[in-house]
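K.L.:
These protein sequences, in sequence, are chains A and B.
One rule links them: number in the working numbering = place in the first sequence (from 1) + 4.
One rule links them: number in the working numbering = place in the second sequence (from 1) + 4.
Virtual Cβ for every residue (Gly too), placed ideally from N, Cα, C.
Note that this is a predicted model, so its numbers are computed, not measured.
Pasting a structure below so you can have a look.
2 protein chains.
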Amino acid sequence: MDKNFLKILFPVLEDDLYDEMVQHGTIKKVKAGDTILKVGQTIRSTMLILEGLVKLYREDDQGKEFFIYHLDAGDACSLSMVCAAKHETSEVLAKALTDATILSIPLEFMEQWMSKYKSWYQFVITSYRNRFEELLQTIDAIAFSNMDERLESYIEKQVSRLGNHLKITHQDIATDLNSSREVISRLLKKMEAKGWVVIHRNAIEWTKKH
Amino acid sequence: MDKNFLKILFPVLEDDLYDEMVQHGTIKKVKAGDTILKVGQTIRSTMLILEGLVKLYREDDQGKEFFIYHLDAGDACSLSMVCAAKHETSEVLAKALTDATILSIPLEFMEQWMSKYKSWYQFVITSYRNRFEELLQTIDAIAFSNMDERLESYIEKQVSRLGNHLKITHQDIATDLNSSREVISRLLKKMEAKGWVVIHRNAIEWTKKH
DNA sequence: TTTTCTTTGTGACAAATATCACTGTACATT
DNA sequence: AATGTACAGTGATATTTGTCACAAAGAAAA
Chain A
5 MDKNFLKILF PVLEDDLYDE MVQHGTIKKV KAGDTILKVG QTIRSTMLIL EGLVKLYRED
65 DQGKEFFIYH LDAGDACSLS MVCAAKHETS EVLAKALTDA TILSIPLEFM EQWMSKYKSW
125 YQFVITSYRN RFEELLQTID AIAFSNMDER LESYIEKQVS RLGNHLKITH QDIATDLNSS
185 REVISRLLKK MEAKGWVVIH RNAIEWTKKH
Chain B
5 MDKNFLKILF PVLEDDLYDE MVQHGTIKKV KAGDTILKVG QTIRSTMLIL EGLVKLYRED
65 DQGKEFFIYH LDAGDACSLS MVCAAKHETS EVLAKALTDA TILSIPLEFM EQWMSKYKSW
125 YQFVITSYRN RFEELLQTID AIAFSNMDER LESYIEKQVS RLGNHLKITH QDIATDLNSS
185 REVISRLLKK MEAKGWVVIH RNAIEWTKKH
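Right, dumping it as C-alpha cells:
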C-alpha cells in the first residue's frame with residue numbers, strides 16, 4: 005500500500021499516522037456483491053474504505069434488508085469503530101456494491117492513535133458525525149415522507165455516486181426501501197411521465213435536473 | 005456540584021477527571037417541558053445529564069416533531085459531543101420531560117480529555133455506540149413495524165423510565181410517533197381489550213407483563 | 001427458432017393509516 | 001349549577017401502500 009495514496013484519500017492526517025497506517029493496516033479486496041460484515045459478527049478491526057462503494061443495511065428478524073447508507077472511498081465505517089472499541093458485534097450488514105478495497109486496522113491502534121494523533125481524533129469524530137447525520141436523514145425519509153419522495157431521494161443518492169445511468173432492477177429498489185416491486189414500478193412510471201427518468205430493462209436513467 | 009455524586013452517576017472514570025469535571029463544568033437546571041437544544045443551534049459545549057429525563061426529537065420542515073430517543077441521568081448527549089468538536093449546529097431538538105440537571109462542559113475539554121483520560125475515551129465511545137444503537141432501533145421500528153407494534157414499544161420505553169402509570173394524552177403519543185390521535189385512541193382501545201393497558205383521562209396505566 | 005426465465009406493466013382488491021365530522025365526557029372556571 | 005374547554009370515542013370515507021393474478025416484453029438458453 006502506498007502512503008501517497010492514503011494522503012490523497014484522507015488528506016488531513018498527520019504524517020507519522022500515514023506511516024502507521026501503512027505499517028499496521030491490512031488490505032482486503034472484495035468483489036462486487038460480497039458481504040463485508042454480517043449482523044452479529046464480532047468486530048476486531050476498524051475499516052476504512054480505500055476504493056469502491058459499500059452499502060450498509062439494517063436487517064429485521066426475517067432477514068429483510070433495509071438500506072441505510074453508503075460508504076465511499078475515504079469513509080470509515082463508524083460502526084466498526086464503535087464496536088471495535090468495545091469488542092462488540094455488528095448491528096448492520098455491509099455489502100460491496102462495486103469491487104472494493106478496504107484497509108483493516110486492528111482495534112488496539114484505534115485507541116492508541118486517538119490520544120497520539122489529534123488528526124485521528126478529528127477524523128473519527130467527523131466520521132461519526134457524518135454517519136449520525138445520514139442515519140437521521142434516513143429516519144426523516146421514513147418518518148416524514150411518502151414512498152414517492154423516498155424513491156426520489158434514494159435514486160438521487162445512487163446517482164450522486166454512480167452517475168445518471170443506474171444498473172438496477174425495480175425489485176432491487178423495492179428491497180432496499182422495504183417496499184414491493186409493483187409499487188416501485190408504478191412510481192417510476194409516474195416519474196417517467198414527468199420526464200424525470202427513462203426506464204430501461206435492468207436499468208434506469210435519471211434525467212431530472214436538480 | 006459534588007464529586008461523589010459524579011462518581012455514582014459515571015462510575016468508570018478516572019479520579020482526576022471527576023475533579024476536572026467539577027472544576028470546568030457548569031450546572032444548568034431546566035424545568036419539565038423546557039427546550040434544551042433547538043435544531044440549528046450552535047453547540048459550544050458537551051452535555052451530560054445529571055438528573056431527569058430528556059427526550060430527543062427530529063424535526064421536519066413543517067416543525068413536526070418525531071421522537072427518536074431518551075437520555076437518562078448518566079447519559080451524555082452524543083450529538084452535542086460530535087457537534088461540539090466541529091463547532092457545528094444541532095440536528096435535533098432536545099426537551100426536558102421532567103425537571104432536569106445538566107452538566108455543561110466547554111468543548112475544549114472534550115478534546116483535551118480524550119487524549120488525557122482513557123476512561124473518558126471509553127465513555128465517549130460507549131455513549132456513541134448506545135446512541136447509534138437506539139437510532140438503529142428507531143429505524144427498525146418505522147421501517148419494519150406497523151403502528152400497533154410501534155405504539156407498544158413506545159409505551160414500554162416510557163414505562164421503563166417513568167413507571168407503569170404514564171401521564172400522557174393520546175395526542176402526545178400521536179405527535180411523538182407522527183401519527184394521528186384517532187389512530188392511537190383506537191389502538192389503545194384494542195390494547196385495553198387485550199388487558200395490556202387501562203386508559204384514564206390524561207394518563208394510561210400499562211398492565212402488560214413482559 | 002422455439003422455449004424458458006427474468007423483468008416489467010397493470011388491473012383488481014386488501015390492509016393500514018389518515019382525515020373528517022361529530023358526539024360524549026371529565027374537569028376547571030365562573 | 002352553568003358554561004367552556006381539552007380530551008377521548010367512533011363511524012364514514014379517503015389515501016397510501018401492499019398483495020395477488022396474470023399478461024407482455026426482452027434476454028438467454030436449448
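Using the DSSP secondary-structure output, state which residues sit across from K2 (chain B) in a beta bridge.
P.N.:
Summary: the structure shown does not reach residue 2 (chain B), with chain B confined to residues 5 through 214, and so no result is reported for it.
K.L.:
Measuring CB atoms only, is the stretch 17–30 of chain B touching the stretch 97–112 of chain B, in the sense that at least three cross pairs come out at less than 8 angstroms?
P.N.:
Yes: the two stretches touch, three or more of their Cβ pairs being nearer than 8 angstroms.
K.L.:
On the criterion of 16 or more Cβ atoms from any shown chain inside 10 Å, does V58 (chain B) qualify as buried, or is it exposed?
P.N.:
V58 (chain B) comes out buried.
K.L.:
Report the partner residues of I203 (chain B) according to the DSSP bridge assignment.
P.N.:
B:I208.
K.L.:
For the stretch 71–85 of chain B against the stretch 123–141 of chain B, do three or more pairs of beta-carbon atoms, one drawn from each stretch, fall closer than 8 angstroms, so that the two count as touching?
P.N.:
Cβ pair count under 8 angstroms is three or more, so yes.
K.L.:
Just to confirm before moving on: does the CB-CB distance between Y61 (chain A) and L97 (chain A) stay below 8 angstroms?
P.N.:
The answer is yes: Cβ separation under 8 angstroms.
K.L.:
Considering Cα atoms alone, identify which of B:Q175, B:Q126, B:E160, B:T179 is closest to A147 (chain A).
P.N.:
For the residues B:Q175, B:Q126, B:E160, B:T179, the minimum Cα distance to A147 (chain A) belongs to B:T179.
K.L.:
Restricting to runs no shorter than 3 residues, where is the beta strand (DSSP E) found entirely within the stretch 26–52 of chain B?
P.N.:
Segments of the beta strand (DSSP E) lying fully in the stretch 26–52 of chain B: 30–34, 39–41.
K.L.:
Using a Cβ-Cβ cut-off of less than 7 angstroms, give me the residues of the stretch 119–141 of chain B that come near chain A, in sequence order.
P.N.:
Going along the stretch 119–141 of chain B in chain order, one finds S119, Y125, I129, T130, Y132, R133, F136, E137, L139, L140 with a Cβ nearer than 7 angstroms to chain A.
K.L.:
Apart from the five residues just before and just after K193 (chain A), which ones in its own chain have a Cβ nearer than 7 angstroms to its Cβ?
P.N.:
Taken in chain order, the list of residues that qualify is empty.
K.L.:
Taking L41 (chain B) and W117 (chain B) to be in contact with their CB atoms under 8 angstroms, please state how far apart those CB atoms are, rounded to whole angstroms.
P.N.:
Incorrect: roughly 21 angstroms between the Cβ atoms, too far for contact.
K.L.:
Can you tell which of A:M114, A:E115, A:Y125 has its C-alpha closest to the C-alpha of E115 (chain B)?
P.N.:
Of the listed residues, the one whose Cα sits closest to E115 (chain B) is A:Y125.
K.L.:
Report, in whole angstroms, the separation of the C-beta atoms of A100 (chain B) and A36 (chain B), which I expect to be a contact under 8 angstroms.
P.N.:
Confirmed, about 6 angstroms.
K.L.:
Report the residue ranges of all alpha helix (DSSP H) runs contained in full by the stretch 73–122 of chain B; include only those spanning at least 4 residues, in chain order.
P.N.:
Correct list: 82–89, 111–120.
K.L.:
Given that L83 (chain A) touches chain B, what residues does it touch there, using C-beta distances under 8 angstroms?
P.N.:
By Cβ distance, chain B contributes F136.
K.L.:
Would you tell me roughly how many angstroms separate the C-alpha atoms of L75 (chain B) and D6 (chain A), rounded to the nearest one?
P.N.:
For L75 (chain B) and D6 (chain A), the distance between alpha carbons rounds to 44 angstroms.
K.L.:
Secondary structure at K59 (chain A), three-state DSSP: helix, strand or coil?
P.N.:
Correct three-state label for K59 (chain A): strand.
K.L.:
F70 (chain B) touches chain A at which residues, Cβ-Cβ below 9 angstroms?
P.N.:
Result: I143, D144, A147, F148.
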